[in-house]
Each structure stands twice: as C-alpha cells, then as structure tokens.
Amino acid sequence: MIDHVGFPVSDYERSKTFYLKALAPLDYTLVMEVTQERHGHDPAAGFGANGKPDFWIGGEGGLDKPLHVAILAKDRATVDAFYKAAMAAGGRDNGAPGIRAHYHPNYYGAFVLDPDGHNIEAVCHTPT
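Residue 55 in the UniProt record's numbering is what sits at position 55 of the sequence shown, and the numbering runs on without skipping anything.
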C-alpha cells in the first residue's frame with residue numbers, strides 16, 4: 001500500500017492554488033506545508049483527507065514528463081464534482097466523467113491535466 005506520493009511542480013504557488021480547489025470535492029485539504037524558511041529546502045504542500053497528507057507537491061521545479069495520479073472518490077457524484085472544480089481552477093480536460101469499461105464495468109473516472117500537464121484522476125469503482 002502506498003503511504004504518499006509527491007512530485008515537483010514548475011510554479012509552486014500556482015499549483016498549490018489549483019490543488020486547493022480541484023481536490024476539495026474529494027475532501028482533500030492542505031494538511032501541511034513545509035516552507036523554505038523553516039527547513040532550508042524548497043517548499044512543499046501536503047494535501048490529504050482526515051488530517052493525513054498523502055498527496056504532495058514541491059517547489060523544486062517541474063518534471064520533464066507528466067505523471068498520472070488517481071485519487072479514490074466515494075461515489076460518482078464526487079468524481080463529477082472533482083472534474084467541475086478542477087476545470088474551474090484552470091485544469092484542462094483529459095477525459096470527462098464517465099464509465100471506462102475497458103478497465104472494468106464499474107470504473108467511473110474523470111481526468112484533468114494540472115498546470116504542469118500532470119494527469120490527475122478521480123475514480124470510483126462502485127456501481128451506481
């Protein structure tokens with residue numbers, strides 16, 4: 001089981017603002033922020049649910065290639081809400097909410113590209 005994931009972004013403040021808005025429907029909030037002043041390295045923001053930061057971005061600079069991260073949603077309405085919030089926050093469409101039967105019959109996901117082009121997904125695996 002993965003405890004957390006983190007990756008660098010090209011514009012820390014822009015990405016932090018995007019994720020604050022885009023992840024809110026998934027009940028993810030900014031749980032912890034590590035600043036350069038306090039720790040002597042690039043800033044990092046840890047987002048998560050229930051007080052546990054498991055999704056981190058860092059200000060070290062962007063990656064050469066985009067990555068894909070999928071966050072579990074409690075239901076399909078939450079996937080829809082994530083998609084709308086991410087698009088409103090400046091994300092780019094990479095797959096509107098819907099069934100992805102090629103994965104399995106109940107795979108309901110939505111895909112949005114963040115400011116650096118990373119493919120961020122919300123997914124629900126339960127039937128309607």
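C-beta atoms are modelled at their ideal positions from N, C-alpha and C, and glycine is treated no differently.
Query: Between the alpha carbons of Asp75 and Thr126, how many angstroms are there, rounded?; Result: 7 Å
Query: Considering Lys16, what are the terminal residues of the beta strand (DSSP E) in which it resides?; Result: No beta strand (DSSP E) holds Lys16; the alpha helix (DSSP H) holding it covers 12–22.
Query: Got a sec? Which residues, its chain only, sit under 6 Å from Gly109 by beta carbon, not counting five neighbours each side?; Result: Arg100, Glu121, Val123
Query: Could you check the C-alpha separation between Phe7 and Gly62 for me, to the nearest Å?; Result: 8 Å
Query: Please list the segments of the alpha helix (DSSP H) lying wholly inside the UniProt domain "VOC" (1–125), counting only runs of 4 or more residues, in order along the chain.; Result: 12–22, 36–39, 76–88
Query: I think Tyr83 touches Ala96, with their Cβ atoms under 8 Å apart; what is that distance to the nearest whole Å?; Result: 7 Å
Query: Return the CA-CA distance between Gln36 and Thr128, expressed in angstroms with no decimal places.; Result: 45 Å
Query: Phe47: which of Tyr19, Ala73, Leu67 sits nearest, CA to CA?; Result: Tyr19
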